[in-house]
Amino acid sequence: MSTRVDADEQALEQPAPQPELPLCCAACGQPITRRCWAQQQLGQHEHTFRNPHGYSFHLLCFQQAPGCRVEGPPTAEASWFPGTRWQFALCQGCDTHLGWHYCGRECFFGLIATRLAHRQTQSG
Numbered sequence: 002m003s004t005r006v007d008a009d010e011q012a013l014e015q016p017a018p019q020p021e022l023p024l025c026c027a028a029c030g031q032p033i034t035r036r037c038w039a040q041q042q043l044g045q046h047e048h049t050f051r052n053p054h055g056y057s058f059h060l061l062c063f064q065q066a067p068g069c070r071v072e073g074p075p076t077a078e079a080s081w082f083p084g085t086r087w088q089f090a091l092c093q094g095c096d097t098h099l100g101w102h103y104c105g106r107e108c109f110f111g112l113i114a115t116r117l118a119h120r121q122t123q124s125g
């Protein structure tokens, strides 16, 4: 057998790549974002912050979150990312507060890690 035939046989034996599953709202399953849209802010993708009321949030930053609805007037008050204004990011499916949408030199989403889940199946 030639090397070319062996390479073709090996390619047939390997499973096809699986499409990336979305990160979904943990409350209702609405697709929110994808890992491929992860981005760094302040040099990191993940951040833990405490708000003025003492609540801590572990955030994941994404350039897109089409499953979110942005609400409220933009404000710079207590912004965790200097030079940005934030608005609430809510799930389009169930209105759960998923995090915040930030705009400054660029816009991005800071989503609360515990409020996102990996979608288990491609159906539905």
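What the sequence shown shows, in my numbering, is residues 2 to 125, in sequence order. From the three backbone atoms N, C-alpha and C, an ideal C-beta is built for every residue, glycine too. Note that the coordinates shown come from a computational prediction; the quantities given were computed from them, not determined experimentally.
- Helix, strand or coil: which one does DSSP assign to ALA39? Position 38 of the sequence shown holds residue 39. If DSSP states are grouped into helix, strand and coil, ALA39 belongs with the strands.
- Would you mind working out which of GLN45, GLU47, CYS69 sits nearest CYS95, comparing C-alpha positions? Here the question's residue 95 lines up with position 94 in the sequence shown. A check of alpha carbon separations from CYS95 across GLN45, GLU47, CYS69 identifies CYS69 as the nearest.
- Task: Out of LEU91, GLN42, GLY55, CYS104, state which residue places its alpha-carbon closest to the alpha-carbon of LEU117.
- Result: Taking the sequence shown and counting its residues from 1, one reaches residue 117 at position 116. It is LEU91 whose Cα lies nearest to the Cα of LEU117.
- Endpoints, beta strand (DSSP E) assigned at THR115: The residue you call residue 115 lines up with position 114 of the sequence shown. No beta strand (DSSP E) holds THR115; DSSP gives it neither H nor E.
- Message: Relative to the C-alpha of ARG106, which candidate in GLY100, GLN45, HIS119, PHE82 has its C-alpha closest?
- Response: Within the sequence shown, residue 106 is the residue found at index 105, counting from 1. It is PHE82.
- Item | According to DSSP, residues forming a beta bridge with THR34 | As a first step, residue 34 must be located in the sequence shown, where it is residue number 33. Answer is LEU24, bridged to THR34.
- Note down the Cα distance separating GLN40 from PRO32, rounded to an integer number of angstroms. In the sequence shown, counting from the first residue as 1, residue 40 sits at position 39. In the sequence shown, counting from the first residue as 1, residue 32 sits at position 31. If I take the Cα positions, the gap works out to 18 Å.
- Message: Does the beta-carbon of PHE89, which I'm using as the reference point, lie nearer than 6 Å to any heavy atom of the ligand ZN?
- Response: Summarising the ligand content, the structure contains no ligands, and the ligand ZN is consequently not present.
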